[in-house]
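Quick note: the sequence shown uses our numbering, first residue 2, plus one each step.
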Amino acid sequence: GASNEDFKALVLQYMPLGSLEGCLHSGAHHLNLFQRLDIMVDVACALEYRHCDLK
Numbered sequence: 002g003a004s005n006e007d008f009k010a011l012v013l014q015y016m017p018l019g020s021l022e023g024c025l026h027s028g029a030h031h032l033n034l035f036q037r038l039d040i041m042v043d044v045a046c047a048l049e050y051r052h053c054d055l056k
């Protein structure tokens, strides 16, 4: 069997408005182009920060 050391989980904060995907693709949230671009830049910066040690 698998040991406890093999188990990995990503725990995220509860988001009452739903997922980012839902916000971007749902008709319920009206985001203009600049808001969408701002979100994309924030996500790209977060990914760069998270993976900055990868070579």
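All C-beta atoms in this analysis are idealised placements derived from N, C-alpha and C, irrespective of residue type, glycine included.
Keep in mind that this is a model prediction, so the values were computed, not measured.
Report the rounded CA-to-CA distance for residue i versus residue j, giving the unit in angstroms.
i   : j   : result
F35 : G19 : 21 Å
D54 : M41 : 21 Å
A10 : A29 : 30 Å
E22 : E6  : 31 Å
L38 : L48 : 15 Å
Would you identify the three-state DSSP class for residue i, choosing helix, strand or coil?
i   : result
V44 : helix
D54 : coil
Q14 : coil
G23 : helix
L1  : Residue 1 lies beyond the range of the chain shown here (2 to 56); nothing can be said about it.
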